[in-house]
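A short worksheet on the structure shown next.
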Amino acid sequence: MKVLVIGGGAREHALCRSLSLDPDVNALYCAPGNAGIAEVAELRPVDALDGEAVARLATELRADLVVVGPEAPLVAGVADAVRAAGIPVFGPSGEAAQLEGSKAFAKDVMAAAGVPTARSYVCTTPEEVDEALDAFGAPYVVKDDGLAAGKGVVVTDDLAAARAHALSCDRVVIEEFLDGPEVSLFAITDGVTVLPLQPAQDFKRALDGDEGPNTGGMGAYSPLPWADPKLVDEVMASVLQPTVDELRRRGTPFSGLLYAGLAITSRGVRVIEFNARFGDPETQVVLARLRTPLASVLLNSANGTLHTEPPLSWREDAAVTVVIASHNYPETPRTGDPIEGLAEVAEQDAPDAYVLHAGTRREGDAVVSAGGRVLSVTATGSDLAEARTRAYKAVARIRLDGSQYRTDIAAKAAEGA
Ligand code: AMP
Ligand code: GLY
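Mapping to our numbering: the sequence shown position 381 is 365, numbers consecutive.
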């Protein structure tokens, strides 16, 4: 099978790594990719937001499957253009991707499907904003309606800051604060059949102890030893299947990866958000544990034949990933800094620990930073403590001027707390 992956972050590196290990895959391309992906896939330049360009590239490469990684191309309808060219594509239509593209749309789908989520108001005027903030009280949760790369959400006790963020958005969702640990649960679906993956936990805040601003995610681990073993079944029944059924009922079936961001509150599981693609960095740890070869599962989703897929098989291993971010991430990340130590990790830590590239590019012989999140250092082990030790040992070998990472990824879970 020839596979073309669209995107160029650590999630796409994780996808390409798994696909490159799949015996069914005999040619692997990534567009536009990054310096790390170039080691496992052939890179092609493309404007990932241009559906016609992506469809042309897929046709030219005679791809049997296109996998669209990030949300922006999905929301822009890139999967529709590829599908229209007659090529199977893993990823939802632009209409179905509104589940991520518009928080108001997601709330409407959840209400219709009876999916538990935070109570919320959609506001477009300062009066509505004030009323909503007043109705819920602190801590305030204020979300830009549109795509914002994980940075459109402000959670704060400061009324003035909440109000300022709300007024900076055209349309804003203000909602009830949900207490309790967060879980990311992914499911692969073809619009009818839903196949859940293993849950993971992401660390959204920039600094240790969940301090600092929200980011795209600073690290992740899986499995979750503290979670109820029935969690996946429960979320399948109360969230994933009803959402997929509701979108099909509306005539906009969702195929691809449905990402449920959940809060485990004292009153039960609530959806914080949906995404229409694999999460980053959670994908790095979920795929590290997946034993089933990936390509046929993705192709069955693309072809509407997921019911033929046997249940997924998982390794006993635990996995941890630690994101190394550039100086000043998430505000105004500095790029162009050389990265050293990559070869040392490859020589001394593989295969238990390895580096997935997020924002990197090659400059002559050097690999330099090219984005806010630069690397996602991933490790496996017999338990979280071992995976964590290996991940941080590899992190310590990487040198990137001004970079930052959290030191507490999976720390509590590894201690059994
Ligand atoms: P989102 O982009 O909707 O996932 O929001 C980003 C982060 O903000 C989430 O991962 C949570 O940590 C936090 N957050 C979002 N909504 C809520 C809520 N209703 N209550 C508490 N925290 C929230
Ligand atoms: N890690 C959060 C996300 O992918 O949106």
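Glycine is no exception: its CB is placed at the ideal position from the N, C-alpha and C atoms.
From a predicted model like this one, the values you see are computed outputs, not experimental measurements.
Tell me the DSSP bridge mates of Arg189?
As a working mapping, residue 189 is identified with position 205 in the sequence shown. Beta-bridge pairing links Arg189 to Asn198.
Could you tell me whether the stretch 237 to 251 touches the stretch 135 to 147, using the rule of 3 or more Cβ pairs below 8 Å?
Contact between the stretch 237 to 251 and the stretch 135 to 147 is absent, because fewer than three Cβ pairs lie under 8 Å.
Boundaries of the beta strand (DSSP E) in which Asn259 is found, first to last residue:
Within the sequence shown, numbered from 1, the residue matching residue 259 stands at position 275. Residues 252 to 259.
Label Asn312 either buried or exposed according to how many other C-beta atoms from any shown protein chain fall within 10 Å of its C-beta, with 16 as the threshold for buried.
Along the sequence shown, one-based indexing puts residue 312 at 328. Burial call: exposed.
Closer than 7 Å: Val139 CB and nearest the ligand AMP heavy atom:
Stepping through the sequence shown from its first residue, residue 139 is reached at position 155. The ligand AMP has a heavy atom closer than 7 Å to the beta-carbon of Val139.
Report the partner residues of Val138 according to the DSSP bridge assignment.
Here residue 138 corresponds to residue number 154 of the sequence shown, with the count starting at 1. Val138 is bridged to Val126.
Where do the ends of the alpha helix (DSSP H) carrying Leu0 lie?
Along the sequence shown, one-based indexing puts residue 0 at 16. Before going on, a small fix: residue 0 reads as Cys here, not Leu. First-last of the alpha helix (DSSP H) with Cys0: -6 to 4.
Please confirm whether Thr364 and Leu340 have their CB atoms less than 8 Å apart.
For the purposes of this step, residue 364 is taken as the residue at position 380 of the sequence shown. For the purposes of this step, residue 340 is taken as the residue at position 356 of the sequence shown. Their beta carbons are not under 8 Å apart, which means Thr364 does not touch Leu340 by this criterion.
Just verifying my parser: in three-state terms, what is the DSSP assignment at Gly98?
Translated into positions along the sequence shown, residue 98 becomes position 114. Here Gly98 sits in coil by DSSP.
Taking the straight line between their C-alpha atoms, what separation do you get for Val24 and Val351?
Here the question's residue 24 lines up with position 40 in the sequence shown. Here the question's residue 351 lines up with position 367 in the sequence shown. Their Cα atoms are separated by approximately 16 Å.
Collapsed DSSP secondary structure at Ile21 in the structure displayed:
Taking the sequence shown and counting its residues from 1, the one referred to as residue 21 is at position 37. Helix at Ile21.
Three-state secondary structure (DSSP) of Ala69:
Numbered from its first residue, the sequence shown carries residue 69 at position 85. Coil.
Are the CB atoms of Gly203 and Ile393 nearer to each other than 8 Å?
Here residue 203 refers to the residue found at position 219 when the sequence shown is read from its first residue. Here residue 393 refers to the residue found at position 409 when the sequence shown is read from its first residue. A contact, by the Cβ cut-off of 8 Å.
Going by alpha carbons, who is nearest to Ser168 out of Glu36, Asp154, Asp186?
As a working note, residue 168 is residue 184 in the sequence shown. Ranking the options by Cα distance to Ser168, first place goes to Asp186.
Which residues DSSP lists as bridging Arg383, in chain order
Here residue 383 refers to the residue found at position 399 of the sequence shown. DSSP, once it has assigned bridges, lists Glu324 as partnering Arg383.
Look at Thr43 and Arg254 and say whether their C-beta atoms are less than 8 Å apart.
By one-based count along the sequence shown, residue 43 stands at place 59. By one-based count along the sequence shown, residue 254 stands at place 270. For the pair Thr43 and Arg254, the CB atoms are not nearer than the 8 Å cut-off.
Please classify Val163: is it buried, with 16 or more other beta-carbons within 10 angstroms of its beta-carbon, or exposed?
Within the sequence shown, residue 163 is the residue found at index 179, counting from 1. A small fix is needed here, since residue 163 is Asp in this sequence, not Val. The residue is exposed, with fewer than 16 neighbouring Cβ atoms inside 10 Å.
Spatial distance of Arg155 from Cys107 (CA atoms)
As a working mapping, residue 155 is identified with position 171 in the sequence shown. As a working mapping, residue 107 is identified with position 123 in the sequence shown. Each residue's Cα considered, the two are about 6 Å apart.
Below 7 Å CB to CB, which residues in the same chain sit around Pro76 once its five sequence neighbours on both sides are set aside?
Translated into positions along the sequence shown, residue 76 becomes position 92. Residues Leu58, Ala63, Phe238, Ser239, Gly240, Ala260 of the same chain have their beta carbon placed closer than 7 Å to that of Pro76, with the five preceding and five following residues left out of the count.
Within 10 Å of its beta-carbon, does Asp8 have 16 or more other beta-carbons around it, so buried, or fewer, so exposed?
For the purposes of this step, residue 8 is taken as residue 24 along the sequence shown, with counting starting at 1. Looking at its Cβ environment, which holds fewer than 16 other Cβ atoms inside 10 Å, Asp8 is exposed.
Using only CA atoms, which one of Glu160, Ala303, Cys0 lies nearest to Ala122?
Counting from 1 along the sequence shown, the entry for residue 122 is found at position 138. For Ala122, the nearest C-alpha among the options comes from Glu160.
Compute the minimum distance between the beta carbon of Pro265 and the heavy atoms of the ligand GLY, and state whether it is under 7 Å.
As a position in the sequence shown, residue 265 is number 281, starting the count at 1. Checking every heavy atom of the ligand GLY against the Cβ of Pro265, one is found closer than 7 Å.
Here's the rule I'm using: 16 or more other beta-carbon atoms within 10 Å means buried, otherwise exposed. How should Arg67 be labelled?
Residue 67 sits at position 83 when you count from the first residue of the sequence shown. So Arg67 ends up on the buried side.
Can you say whether Thr199 is buried or exposed, counting buried as having 16 or more other CB atoms within 10 angstroms of its CB?
Counting from one through the sequence shown, the residue named residue 199 turns up at place 215. Buried, since its Cβ has 16 or more Cβ neighbours within 10 Å.
Contacting residues, own chain, Cβ-Cβ under 7 Å from Glu370 (five flanking each side not counted):
By 1-based counting over the sequence shown, the position of residue 370 is 386. Contacts found: none.
Considering only DSSP beta bridges, list what His341 is partnered with.
Along the sequence shown, one-based indexing puts residue 341 at 357. For His341, which the question treats as bridged, DSSP gives the partners Leu359.
With distances taken Cα to Cα, identify the nearest neighbour of Pro265 among Ala342, Ala60, Asp34.
Reading the sequence shown from its first residue, position 281 is the one you call residue 265. Out of Ala342, Ala60, Asp34, Ala342 has the C-alpha closest to the C-alpha of Pro265.
I'd like to confirm something about Asp129: is its beta-carbon nearer than 7 Å to some heavy atom of the ligand GLY, or not?
By 1-based counting over the sequence shown, the position of residue 129 is 145. Remark: the C-beta of Asp129 is outside contact range of the ligand GLY, defined as less than 7 Å to any heavy atom.
CB-CB under 7 Å to Gly98, same chain, minus the five flanking residues each way: which ones, in chain order?
As a working mapping, residue 98 is identified with position 114 in the sequence shown. Closer than 7 Å at Cβ, skipping near neighbours: Pro226.
Could you check what DSSP says for Tyr313 in three-state terms: helix, strand or coil?
Here residue 313 refers to the residue found at position 329 of the sequence shown. Of the three classes helix, strand and coil, the one that applies to Tyr313 here is coil, per DSSP.
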